[in-house]
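Structure, as structure tokens:
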Amino acid sequence: MFTIEEFITAVFCCVDDLLKEITQGQAIREKGFAPGLADSEVLTMEIVAEYQGIDADQAIWHYFRRHWLGLFPRLSSRSAFVRQAANLWQYKELLQQRFAIQLGAFADAVHLIDGIPIPLCGFSRAPRCRSFKGEAAYGYCAAKKQTYYGFHGHLLLSSTGVITGFSLTPANGSEREALWDIVSTVRGLLIGDKGYLSGQLEHQLQAVGIQLETALRSNMPDERDPAWVKLLMRVRRLIETVIGQLVERFSIEKVRARDLWHLTSRLNRKLLAHTVCRWLNRHSPNPLQFEQLVSD
301 MFTIEEFITA
311 VFCCVDDLLK
321 EITQGQAIRE
331 KGFAPGLADS
341 EVLTMEIVAE
351 YQGIDADQAI
361 WHYFRRHWLG
371 LFPRLSSRSA
381 FVRQAANLWQ
391 YKELLQQRFA
401 IQLGAFADAV
411 HLIDGIPIPL
421 CGFSRAPRCR
431 SFKGEAAYGY
441 CAAKKQTYYG
451 FHGHLLLSST
461 GVITGFSLTP
471 ANGSEREALW
481 DIVSTVRGLL
491 IGDKGYLSGQ
501 LEHQLQAVGI
511 QLETALRSNM
521 PDERDPAWVK
531 LLMRVRRLIE
541 TVIGQLVERF
551 SIEKVRARDL
561 WHLTSRLNRK
571 LLAHTVCRWL
581 NRHSPNPLQF
591 EQLVSD
């Protein structure tokens, strides 16, 4: 368990080390003046804030300006911070993948897949929503039994609770088609819900070394061993736990962006923050219990 100051330091150290490995001494920016804050400092601020439930760019800047200026003395204007954070969207994705590799997630023989509804606004306001025209769409969330307007996130997870893939589609995007965007780096058993139920998809995945197992519809006979089905359902609860964390602690369902570039940066930040917390907690008996990571 860390104090908050120790947590900030630990996040900075691991992020800074991996960022240096990724860039290999090459400058991230080819033109313009170097920003006052190091990129690893900006990423640290974003990750720490996400862990604390602070996910708006302006709120992140205010929090560190008010409480931790001694640790980040070169923190300047809010606009400079927001711009620098958005420009690091790709490095957030690369860092998340590196942390997942260090945790052995891609070598796992079992993965889980599920979706996350990401609404843009309340359903009644959807006809008046001007953001993401031509990019967002109407979709249906079976878990909540409601239609919504926005996007659908597709999450891939190892059996140890480490994020190994994520893609974003319009809310009406096919789960079975989106699956191909995120499973290319894994092999073995893939556990999904009824939305991935397809004989054709099962055969296509078998051809690339992936065994798909899903729940069946209520009117379909299940010839599988009941003990095996029970085990699958128990393992599947893990992705429900992680989605719950992404929604409740990291506010992944809140868009707070007006274009795909900024939305992608926000989503990458949340996925990175979750993975960094999982990495820092890797020696814990319950590595997904993030509440115990930082003391008051």
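Once you know that position 60 of the sequence shown is 360 in the numbering used here, the rest is easy, because the numbers rise by one and skip nothing.
Every residue gets a Cβ at the ideal spot worked out from N, C-alpha and C, and that includes glycine.
* Asked: When DSSP labels each residue in this structure, what does Glu-346 get in the three-state scheme?
  -> helix
* Asked: Taking the Cβ atom as the reference point for each residue, do Gln-511 and Leu-490 lie within a distance shorter than 8 angstroms?
  -> yes
* Asked: Nearest-angstrom Cα distance between Pro-427 and Leu-546?
  -> 27 angstroms
* To do: May I ask which residues mark the beginning and end of the beta strand (DSSP E) holding Thr-485?
  => Segment: none, Thr-485 is in no beta strand (DSSP E) and carries neither H nor E.
* **Cβ contact check for the stretch 387-401 and the stretch 516-523: 3 or more pairs under 8 angstroms** => no
* Just checking my contact of Tyr-440 with Cys-421 at CB under 8 angstroms: how many whole Å lie between their CB atoms? -> At roughly 16 angstroms, the Cβ-Cβ gap does not stay under 8 angstroms, so Tyr-440 and Cys-421 are not in contact.
* State yes or no: is the C-beta of Glu-350 within less than 8 angstroms of the C-beta of Phe-550? => yes
* To do: Report all residues from its chain with a CB closer than 7 angstroms to the CB of Asp-316; omit the five preceding and five following residues, and keep chain order.
  => Ser-340
* Every unbroken alpha helix (DSSP H) inside the stretch 318-390 [4 residues or more] -> 339-351, 357-367, 378-387
* To do: Taking Ala-507 as the reference, give the member of Arg-487, Leu-567, Ile-328, Lys-445 with the closest Cα.
  => Arg-487
* Residues bridged to Asp-481 by DSSP? -> The partner list for Asp-481 (beta bridge, DSSP) is empty, contrary to what the question assumes.
* Asked: Can you list, in chain order, the stretches of the beta strand (DSSP E) that have 3 or more residues and sit fully within the stretch 383-430?
  -> 410-419
* Going by the beta-carbon positions, is the gap between Asp-357 and Ala-385 smaller than 8 angstroms? -> yes
* Asked: Relative to the alpha-carbon of Gly-499, which residue among Trp-480, Arg-476, Cys-577 has its alpha-carbon at the smallest distance?
  -> Arg-476
* To do: Give me the Cβ distance between Ala-409 and Val-462, rounded to the nearest whole Å; I'm assuming they're in contact under 8 angstroms.
  => No, Ala-409 and Val-462 are not in contact; Cβ-Cβ is about 14 angstroms, not under 8 angstroms.
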